[in-house]
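Undergrad:
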Amino acid sequence: MATTEVRISPEDVKQAASQVHERIPEPSVVVIFGASGDLTKRKLLPALFHLEQTGLLPEHFRIVGVARRDLGQGFADDMREGILSFGGVEKSAAKLDEFVGKIGYHAMNFDDDQGYVALKQLLEQYDRDYGTRGNRLFYLATAPDYFADIVHRLGAHGMAKPEVGTVRVIIEKPFGHDLESARELNDDVDTVFSENQIFRIDHYLGKETVQNVLVFRFANGIFEPIWNRNFVDHVQITAAESIGIEGRGPFYEKAGALRDVVQNHMMELLSFVTMEPPASFAAEAVRREKIKLWSSIKPINIFDCVRGQYGPGIVDDQMVKGYREEDRVDPKSQTETYAAIRLEIDNWRWAGVPFYLRAGKRLASRVTEITIQFKQPPMLLFGARVPGGCDIQPNIITMRIQPDEGISLRFGAKVPGPQMSVCPVIMDFSYAQSFGASSANGYERLLLDAMLGDATLFAHRDGVETTWALYTPVLDAWAKKFPQTFPNYAAGTWGPECGEELIGRDGHTWQGVPEAPKP
Ligand code: BG6
1 MATTEVRISP EDVKQAASQV HERIPEPSVV VIFGASGDLT KRKLLPALFH LEQTGLLPEH
61 FRIVGVARRD LGQGFADDMR EGILSFGGVE KSAAKLDEFV GKIGYHAMNF DDDQGYVALK
121 QLLEQYDRDY GTRGNRLFYL ATAPDYFADI VHRLGAHGMA KPEVGTVRVI IEKPFGHDLE
181 SARELNDDVD TVFSENQIFR IDHYLGKETV QNVLVFRFAN GIFEPIWNRN FVDHVQITAA
241 ESIGIEGRGP FYEKAGALRD VVQNHMMELL SFVTMEPPAS FAAEAVRREK IKLWSSIKPI
301 NIFDCVRGQY GPGIVDDQMV KGYREEDRVD PKSQTETYAA IRLEIDNWRW AGVPFYLRAG
361 KRLASRVTEI TIQFKQPPML LFGARVPGGC DIQPNIITMR IQPDEGISLR FGAKVPGPQM
421 SVCPVIMDFS YAQSFGASSA NGYERLLLDA MLGDATLFAH RDGVETTWAL YTPVLDAWAK
481 KFPQTFPNYA AGTWGPECGE ELIGRDGHTW QGVPEAPKP
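If you read the sequence shown in the working numbering, its first letter stands for residue 1, the second for the next number, and so on.
1) Is the Cβ-Cβ distance between A338 and G495 less than 8 Å?
2) Using DSSP with H/G/I as helix, E/B as strand and the rest coil, what is V415?
3) Rounded to the nearest angstrom, how far is the Cβ of G249 from that of R328, given a contact under 8 Å?
4) Give the range of the alpha helix (DSSP H) segment to which D521 is assigned.
5) Considering only residues of the segment 129-207, which uninterrupted beta strand (DSSP E) runs meet the minimum length of 3 residues and lie entirely inside it, listed in chain order?
6) Give me, in chain order, the residues of the same chain whose beta-carbon lies closer than 6 Å to that of R307; leave out the 5 immediate sequence neighbours on both sides.
7) Which word fits S85, buried or exposed, when buried means at least 16 other C-beta atoms lie within 10 angstroms of its C-beta?
8) Counting only runs of 3+ residues fully inside the segment 91-120, write out the beta strand (DSSP E) ranges in chain order.
9) Would you identify the three-state DSSP class for G308, choosing helix, strand or coil?
10) Out of R366, D233, A469, state which residue places its alpha-carbon closest to the alpha-carbon of Q373.
11) Does DSSP put R62 in a helix, in a strand, or in coil?
12) In the DSSP output, which residue or residues are listed as bridge partners for M399?
13) Run the CB neighbour count on S92, radius 10 Å, all protein chains shown included, and call it buried at 16 or more, exposed below.
14) Flag T209 as yes when its Cβ comes closer than 7 Å to any non-hydrogen atom of the ligand BG6, and as no otherwise.
15) Rounded to whole angstroms, what's the CA-CA distance from R259 to R342? Just pull it up for me.
16) Along the chain, where does the alpha helix (DSSP H) containing E465 start, and where does it finish?
17) Does the ligand BG6 have even one heavy atom less than 7 Å from the beta-carbon of H234?
18) I need the boundaries of the alpha helix (DSSP H) containing S85, first residue and last residue.
19) Between A67 and G34, which are expected to be in contact by the criterion C-beta below 8 Å, what is the C-beta distance as a whole number of angstroms?
20) Is the segment 453-467 touching the segment 313-325 in the sense that three or more CB pairs, one from each, lie closer than 8 Å?
21) Give the secondary structure of N427 by DSSP, where H, G and I count as helix, E and B as strand, and everything else as coil.
22) Less than 8 Å between the beta carbons of R168 and G412, yes or no?
23) Whole angstroms are fine: how far does the CA of F216 sit from the CA of A2?
24) Please classify S280 as buried or exposed, where buried requires at least 16 other C-beta atoms within 10 Å of its C-beta.
25) Determine the DSSP secondary structure at D127, reduced to helix, strand or coil.
26) For H508, does the three-state DSSP call read helix, strand or coil?
27) Between which two residues does the alpha helix (DSSP H) containing G256 stretch?
28) Is the closest heavy atom of the ligand GTP to the C-beta of H265 under 7 Å?
29) Just tell me which of S296, D476, P487 has its CA closest to the CA of G463.
30) Hey, how far is the Cα of Q73 from the Cα of F147?
31) According to the Cβ coordinates, are D202 and K173 closer than 8 Å?
32) At the level of alpha carbons, what is the spacing between T472 and Y116?
33) With a threshold of 7 Å, establish whether the CB of K173 neighbours any heavy atom of the ligand BG6.
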C-alpha cells in the first residue's frame, strides 16, 4: 500500500484558519428556541464554546435558551455538562466559567404572546447591560411543527425587523415533509423575514470534509478534466449509520430515511460532487450552481428506489432491538430505516452516468463516503487476470466524509517480480495525519457564518423546493403501497437484498461491502 504524507505543522493550520476567519461577528445574542432538546447540549453549545476558545466570538456576546420547562440556572449547568461531555473539553479549560456565565434562559410556551413580550424585554435588557446592540441570531431547534408559529410571533412582536441591529434566523431541518409543506413553510417565513435573513441549516455543509469536496475539485487542476461522463463510470454515495433511532421514535416514525437524510444531506453531497464550478465562492453563485444541478436530475423512477427496515440483530457484538420494538414506534410500523436510489443527471457533463445513493440506520458500520469509479482503460494490456496477480480493477477515488476522514485513490501497480502482474494499491490522504484531529462538528462553521451573514453553506428556498420536488412522487408512491416484507434486514448488516439488487442490475456492487465468502 502506497501512502502519500503531507505534513503540516499545527502552527500552519492555526495560521491558515486565522487568515480565513479574520472577521469576528458583531456583538450579538444567540437565542435558541427548543433549547432543552439534545441538539443544544450535544452540538450547539459545544460548537459555540469552541468558537469562544479560538477567539472567534465577539466580546459582547450572550446566549439565551428558550423552552417550555422552567429550568432557571439549571439550564446553564446542563450546558456546561454538554460542553464537557460532547465537546471534548476539560473541566479546567480556560474561558469555560466565563462562557457559561454568558448563558441565560427564558421559559415560555411557543404559542404564548406574553412569553414573546417578556423575551423582547429580556433581549433589550441584554443590549443595555452587555452591549449586544440589537443584533440577534434566532435558532429554531424545536419540533418542525412550531417553526411557522414562532416566526410569525417574532414578527408580530417586532423582533424580526427591528430599527436597530441585524436579525437573522437559523431554521433546523426537516424543512417541510414534502414539496407542498416546504413551499408553505417558505411562504410563511418569507412574510416575516427577507431571504438574506434566513439560514436553512444542513449540518453536513459545515463538515470540513464536505467543503473539501469543492476544494479537491476546484483547487486542483488535475481532477476536473476527468470529472465527467467520458471518464466516470458511476458514482456511489453512502451514509451508513450503525446507531438506531436513539430514542427519537415519534420524530423518526414521521420522517424515515428518505426524508431524514436523503432529501437533504445526501443531495447536498451529490451537488458538491457534480455541480459546475461556480463563478465565485459567494452564496448566490454557489447556490445557483446547486439548483441548476438538482434541476437537471431526471425524474426519479419509482423502480429505482428501494426501502428497508431493520429487525433485531447484532451491532458491535451487542444484540439490539428491531425498529418496531424501539420506544414509541408502532409495532406494525411501515417507516423505512434504509433507502437506496439510482438516479441520473441529464446534463452535458453527466448524461448516462448512474448515481447510487444509500442511507440507513443500524447498518454494519458508520461510514459516510463518496466513491467515483472511473472507466477501465480502452485496452487491458495486461489481461483481466494475470497469473499471480489480482483482477485488474477500475480506478476509484474515495472521499471519506466520516469517520477516518480523508481521500484515497485506487490504481493498479505492478507486483514486484518477473511477471507483469497488476494489483490495486491505495494512495491515501488522511486528515488526521496531515492536519491533526479536528473537534469541529459542522455546527461551528455554520454558526459563525450565520453570525457573519454568509449564506454560502446554507440552503436556499429554491434549492429546498427542487429537492423536495424530486422525492415527493417517490414518497407519495411509497405511502400508497406499504411493503409486505418489513423488517427486511437484520441490524448490523449492510441492508436489505433489494439494495444489492438495485445496484446489481447495472452490474455493480456497493463499494466497501465485504464480499460474501467464496465457496
Ligand atoms: C441528522 C439525522 O440530520 O443527521 C439523524 O436527523 C442522523 O438521524 C444525523 O443520525 C447524521 O449526522 P452525522 O453528522 O452523525 O452524520
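C-beta atoms are modelled at their ideal positions from N, C-alpha and C, and glycine is treated no differently.
Every value quoted in this text rests on a predicted model; they were computed, and no experiment measured them.
TA: For this structure:
1) With the sequence shown as reference, residue 338 is identified as Tyr, and Ala is not the correct amino acid for it. Yes; because the gap between Cβ atoms is below 8 Å, this pair is in contact.
2) Correct three-state label for V415: coil.
3) Taking 8 Å as the upper bound for CB-CB distance, G249 and R328 are in contact here, some 3 Å apart.
4) Outside the shown range of the chain, which is 1 to 519, sits residue 521, and nothing can be said about it.
5) Under the rule that a run must span 3 or more residues, the beta strand (DSSP E) segments found entirely inside the segment 129-207 read 136-140, 167-171, 198-200.
6) Only residues of its own chain outside the window of five on either side were considered, and among them E336, A339 have a CB closer than 6 Å to the CB of R307, listed in chain order.
7) Exposed.
8) Within the segment 91-120, the complete beta strand (DSSP E) runs of at least 3 residues are 103-107.
9) Three-state result, G308: strand.
10) Nearest to Q373 by C-alpha distance, out of R366, D233, A469, is D233.
11) DSSP places R62 in the strand class (E or B) of the three-state scheme.
12) M399 pairs with I370, I407.
13) It counts as exposed.
14) Checking every heavy atom of the ligand BG6 against the Cβ of T209, none is found closer than 7 Å.
15) Separation of R259 and R342 (C-alpha to C-alpha, rounded to the nearest whole angstrom) is 16 Å.
16) Note, E465: alpha helix (DSSP H), 461-480.
17) H234 Cβ: outside cutoff for every heavy atom of the ligand BG6.
18) Residues 74-86.
19) So it is a contact: roughly 6 Å between Cβ atoms.
20) Contact between the segment 313-325 and the segment 453-467 is absent, because fewer than three Cβ pairs lie under 8 Å.
21) A small fix is needed here, since residue 427 is Met in this sequence, not Asn. DSSP places M427 in strand when its eight states are reduced to three.
22) No.
23) Bear in mind that a pLDDT of 41 at A2, under 50, signals an unreliable position, so the number given afterwards is only what the model happens to contain. The straight-line gap separating the alpha-carbon atoms of A2 and F216 is approximately 20 Å.
24) The residue in question, S280, is exposed, as its Cβ has fewer than 16 Cβ neighbours within 10 Å.
25) In the structure shown, D127 sits in a helix (DSSP, three-state: H, G or I).
26) Three-state result, H508: coil.
27) First-last of the alpha helix (DSSP H) with G256: 249-257.
28) Absence of the ligand GTP is noted for the structure shown, with the ligand BG6 being the only ligands found.
29) When only C-alpha atoms are compared, the closest one is S296.
30) A straight line joining the alpha-carbon of Q73 with that of F147 spans about 26 Å.
31) The answer is yes: Cβ separation under 8 Å.
32) If I take the Cα positions, the gap works out to 35 Å.
33) Yes, since a heavy atom of the ligand BG6 falls inside the 7 Å radius drawn around the Cβ of K173.
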